[in-house]
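2 protein chains.
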Amino acid sequence: MFKRSPSLAEQVKFHLKQRILDTDFDKDRIPSETVLAQELNVSRNTVRDALSRLEMEGIVIRKQGAGTFVNRNVRLVKTRLEEIIPYEEMILAHGCKPAVDLLSVKKTQPDEQCAAQLNLNATDEVLSIEKLFGADDQPVIYSITFIPTKIIAEPYTKEDAIPPVYQFLPQFCRQSFAYYLSDIVPLVATPGLRQILHLPPRKLALLSFEEIGFNRDNEPIVKAISYFRDDLLRLRLIRRDTG
Amino acid sequence: MFKRSPSLAEQVKFHLKQRILDTDFDKDRIPSETVLAQELNVSRNTVRDALSRLEMEGIVIRKQGAGTFVNRNVRLVKTRLEEIIPYEEMILAHGCKPAVDLLSVKKTQPDEQCAAQLNLNATDEVLSIEKLFGADDQPVIYSITFIPTKIIAEPYTKEDAIPPVYQFLPQFCRQSFAYYLSDIVPLVATPGLRQILHLPPRKLALLSFEEIGFNRDNEPIVKAISYFRDDLLRLRLIRRDTG
DNA sequence: CAGTGGTCTAGACCACGGG
DNA sequence: CCGTGGTCTAGACCACTGG
């Protein structure tokens, strides 16, 4: 029934997700793990793996002794912070038409903080990429990305900077991407930001992400700052008791 | 070597965490899963379970074919948003002395939004609990919690409101607590908030959490709003590629 | 090539929930 | 009490990394 790659568990997860959307389970109750395992012809562990992922996303609630149930609340969760997803997808998940506008791509001298965060010398330069993301033709995210020029290994064009950085890095820098260390910072929009994001007069505060990206050798390879219209792009997440 | 409860995997995780702090592994490399399984006399799956949790916390990095390594960067992560932890612990993790000040406990009429979020009728009241958390005697978090009075089943005193709500609920409301659905919202501090949190003149923006808590039957049972001094209590997290 | 982590299986026992 | 999810085991094969 299933092939390998992506993993069986991932396929089972996808299958169940679809079934949850399509099917009306009795009282939102999902068949037991044993039954699912037999139906899908995989081991119970694999089913459990898939269900665990769905539970992490809040799509499903498990109760020992009772069963596994669909969580109808969590259609409200549009973004899962722990996962990196392209901003276009985030905008799509909010039901809007995404757009990307590449504002600029240029080599610059990093400021002191940025140089320190990326372990750069005084003479090292960075490639700075400015983008503006729109949702239904309204600007919602403004981001600046800094990549040390010394790690860029392949020739690139402006257009190559449009996709997410973590695709640029493997492609043009021969760098793996492992994870972001992200700070969530609130701020009062500066006049410059107000103009770029077309903020209405009443909208004063913005949310920003300040992120340092690391490769699999745990070396910092990219810095990114993103400013969000939190009123248009809700940042919502699920929090659980001590896992 | 280990007892059961908490789970073996949890104990192994704890054991490894200690060992990471105490031991200097060669080039930060942790023994292989097979070796650990033999040493600790548990199955490799259990070791993997423990390592997966450490990896989620960013404490460890795994590389297929190469090994598992300590991540020395992630001492910087003070808060894991996906997990609910008492604010006192969060403050402790920042290296500060935590304090709780119970500002008020009183029955009130919920506003329209709150009533809708908690599925309340027009006549239902809520117990509102105001707290102020300090770090090294400096106020850093101000929180208000709303619990529908109709679910309160046991007599309580003011002091019972000091611990986290998700302890109050099982104890006095016979309610299980399953998860929070949390919105992250930036805002410009109002004069009232400025006074409560003793904000310095330059500090304009605050971070707030607007959370609805659900029980295991997926019914909303509590609303909480928290305002953070993000400059004193850094909100930092690890983001990975699509799990 | 040997050794690592990644995935999957089949089977066992436990703890809990609801009838 | 039975059926559910929670935990653990032993063993297998794969994919990848590094020397």
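Protein chains in written order, with my numbering: chain D, 1478 to 1720; chain S, 1478 to 1720. Backbone N, C-alpha and C define an ideal beta-carbon position, used for all residues, glycine too.
Exercise. Tell me whether Thr1556 of chain D is buried or exposed, calling it buried when 16 or more other Cβ atoms sit within 10 Å of its Cβ.
Key: Reading the first sequence from its first residue, position 79 is the one you call residue 1556 of chain D. Buried, by the Cβ-count rule.
Quiz prompt | Three-way DSSP call (helix, strand, coil) for Phe1649 of chain S in this model | solution = To locate residue 1649 of chain S, count along the second sequence from 1; it is residue 172. Looking at Phe1649 of chain S - three-state DSSP - the assignment turns out to be helix.
Quiz item: Going by other Cβ atoms of all chains shown within 10 Å of its Cβ, with 16 needed for buried, is Thr1667 of chain D buried or exposed?
Solution: Counted from its first residue, the first sequence places residue 1667 of chain D at position 190. Result: exposed.
Quiz item: So which residues on chain S does Leu1604 of chain D lean against when the C-beta distance must stay under 9 Å?
Solution: Locating residue 1604 of chain D in the first sequence gives position 127, where the first residue counts as 1. Within chain S, no residue comes near Leu1604 of chain D; the closest Cβ sits about 21 Å away, beyond 9 Å.
Exercise. With DSSP as the reference, label Thr1511 of chain D as helix, strand or coil.
Key: Within the first sequence, residue 1511 of chain D is the residue found at index 34, counting from 1. DSSP places Thr1511 of chain D in helix when its eight states are reduced to three.
Practice problem: Could you tell me whether the Cβ of Asn1596 of chain D comes closer than 7 Å to any Cβ of chain S? | Solution: On the first sequence, position 119 is the one that residue 1596 of chain D refers to. So, not an interface residue.
Quiz item: Cβ of Pro1663 of chain D less than 7 Å from any chain S Cβ?
Solution: Against the first sequence, residue 1663 of chain D aligns to sequence position 186. Chain S contact via Cβ: present.
Quiz prompt | Closest Cα partner of Ile1661 of chain S within the set D:Pro1641, D:Arg1711, D:Phe1691 and D:Glu1607 | solution = The residue you call residue 1661 of chain S lines up with position 184 of the second sequence. Comparing Cα-Cα distances from Ile1661 of chain S to each of D:Pro1641, D:Arg1711, D:Phe1691 and D:Glu1607, the minimum goes to D:Arg1711.
Exercise. Name, going along the chain, the residues of the region 1639-1660 of chain D whose beta-carbon falls closer than 8 Å to a beta-carbon of chain S.
Key: Close to chain S, meaning a Cβ-Cβ distance shorter than 8 Å, are the following residues of the region 1639-1660 of chain D: Tyr1643, Phe1654, Ala1655, Tyr1656, Tyr1657, Leu1658, Ser1659 and Asp1660.
Quiz item: At a Cβ cut of 7 Å, what residues of the region 1537-1550 of chain S count as close to chain D, listed as they run along the chain?
Solution: Listed by position, the residues of the region 1537-1550 of chain S near chain D (Cβ gap below 7 Å) are Ile1538, Lys1540, Asn1548 and Asn1550.
Self-check item: Closer than 7 Å at the beta carbon, the chain S residues around Ala1682 of chain D
Solution: In the first sequence, counting from the first residue as 1, residue 1682 of chain D sits at position 205. In chain order: Pro1663, Leu1664, Val1665 and Ala1682.
Practice problem: Tell whether a beta-carbon distance below 7 Å holds between Ala1682 of chain D and Val1665 of chain S. | Solution: Walking along the first sequence from the start, residue 1682 of chain D turns up at place 205. Walking along the second sequence from the start, residue 1665 of chain S turns up at place 188. Less than 7 Å divides the Cβ of Ala1682 of chain D from the Cβ of Val1665 of chain S.
Quiz item: Is any beta-carbon of chain S found at less than 7 Å from that of Leu1528 of chain D?
Solution: If you number the first sequence from 1, residue 1528 of chain D lands on position 51. Chain S, which has no Cβ nearer than 7 Å to the Cβ of Leu1528 of chain D, makes this no.
Exercise. Pick helix, strand or coil for Tyr1619 of chain D, following the three-state DSSP scheme.
Key: Translated into positions along the first sequence, residue 1619 of chain D becomes position 142. Of the three classes helix, strand and coil, the one that applies to Tyr1619 of chain D here is strand, per DSSP.
Practice problem: State the beta-bridge partners of Glu1560 of chain D as determined by DSSP. | Solution: Your numbering for residue 1560 of chain D matches position 83 in the first sequence. According to DSSP, Glu1560 of chain D bridges with S:Arg1717.
Quiz item: Under 7 Å Cβ-Cβ, which residues of chain D neighbour Ile1558 of chain S?
Solution: Reading the second sequence from its first residue, position 81 is the one you call residue 1558 of chain S. First, the residue type needs correcting, since residue 1558 of chain S is Leu and not Ile in the sequence shown. Neighbours of Leu1558 of chain S on chain D, chain order: Leu1558, Leu1714 and Arg1716.
Quiz item: What residue ranges within the region 1542-1610 of chain D form continuous beta strand (DSSP E) runs of no fewer than 3 residues, ordered along the chain?
Solution: 1544-1547 and 1575-1585
Practice problem: Name the two residues that bound the continuous beta strand (DSSP E) containing Pro1697 of chain S. | Solution: Locating residue 1697 of chain S in the second sequence gives position 220, where the first residue counts as 1. It spans Pro1697 to Phe1705 - the beta strand (DSSP E) in which Pro1697 of chain S sits, taken as one unbroken run.
Exercise. Decide if the region 1630-1644 of chain S is in contact with the region 1668-1688 of chain S; the criterion is three or more beta carbon pairs, one per stretch, under 8 Å apart.
Key: Cβ pair count under 8 Å is below three, so no.
Exercise. Please name the residue in D:Pro1575, D:Glu1534 and D:Gln1541 whose C-alpha comes closest to that of Arg1713 of chain D.
Key: Within the first sequence, numbered from 1, the residue matching residue 1713 of chain D stands at position 236. When each option's Cα is compared against that of Arg1713 of chain D, the closest is D:Glu1534.
Quiz item: Going by DSSP, which residues form a beta bridge with Gly1690 of chain S?
Solution: Locating residue 1690 of chain S in the second sequence gives position 213, where the first residue counts as 1. For Gly1690 of chain S, which the question treats as bridged, DSSP gives the partners S:Tyr1657 and S:Val1699.
Quiz item: In three-state terms, what does DSSP make of Met1484 of chain S?
Solution: By 1-based counting over the second sequence, the position of residue 1484 of chain S is 7. Sequence inspection shows Ser at residue 1484 of chain S; the Met mentioned does not correspond to that position. Note: Ser1484 of chain S maps to coil in three-state DSSP.
Quiz item: Looking at the structure shown, is Arg1681 of chain S part of a helix, part of a strand, or coil, going by DSSP?
Solution: Taking the second sequence and counting its residues from 1, one reaches residue 1681 of chain S at position 204. Per the sequence shown, the amino acid found at residue 1681 of chain S is Leu instead of Arg. Leu1681 of chain S falls in the coil class under three-state DSSP.
Quiz item: Using a beta-carbon distance below 7 Å, is Asn1722 of chain D in contact with chain S?
Solution: The question about residue 1722 of chain D has no answer here: the residues shown for chain D are numbered 1478 through 1720.
Quiz item: Using the beta-carbon count (16 or more within 10 Å), is Ala1527 of chain S buried or exposed?
Solution: For this step, residue 1527 of chain S is matched to residue 50 along the second sequence. Buried, because 16 or more other Cβ atoms sit within 10 Å of the Cβ of Ala1527 of chain S.
Quiz prompt | Reference Gln1652 of chain S; option with closest CA among S:Glu1636, S:Asn1518 and S:Val1699 | solution = Taking the second sequence and counting its residues from 1, one reaches residue 1652 of chain S at position 175. Out of S:Glu1636, S:Asn1518 and S:Val1699, S:Val1699 has the C-alpha closest to the C-alpha of Gln1652 of chain S.
Self-check item: Beta-carbon gap between Pro1563 of chain S and Leu1569 of chain S smaller than 7 Å
Solution: Here residue 1563 of chain S is taken as the residue at index 86 of the second sequence, counted from 1. Here residue 1569 of chain S is taken as the residue at index 92 of the second sequence, counted from 1. Taking 7 Å as the Cβ cut-off, Pro1563 of chain S and Leu1569 of chain S do not qualify as a contacting pair.
Quiz item: Should the region 1487-1494 of chain S be called in touch with the region 1515-1532 of chain S, which here means at least 3 C-beta pairs below 8 Å?
Solution: They touch, by the three-pair rule.
Self-check item: Contact list for Phe1691 of chain S against chain D, beta-carbon separation under 8 Å
Solution: By one-based count along the second sequence, residue 1691 of chain S stands at place 214. Going along chain D in sequence order, the residues near Phe1691 of chain S (Cβ under 8 Å) are Asn1550.
Exercise. For Ala1612 of chain S, count neighbouring Cβ atoms within 10 angstroms of its own Cβ and tell me buried if that reaches 16, exposed if not.
Key: Start at 1 with the first residue of the second sequence, and residue 1612 of chain S comes out as number 135. By the 10 Å Cβ count, Ala1612 of chain S comes out buried.
Exercise. Check Ile1673 of chain D in the structure and name its three-state DSSP category.
Key: As a working mapping, residue 1673 of chain D is identified with position 196 in the first sequence. Look at Ile1673 of chain D here: in three-state DSSP terms it is helix.
Quiz item: Nearest CA to the CA of Ser1659 of chain D: which residue from D:Gly1542, D:Asp1614 and D:Pro1697?
Solution: Here the question's residue 1659 of chain D lines up with position 182 in the first sequence. Of the candidates D:Gly1542, D:Asp1614 and D:Pro1697, the one whose C-alpha sits nearest the C-alpha of Ser1659 of chain D is D:Pro1697.
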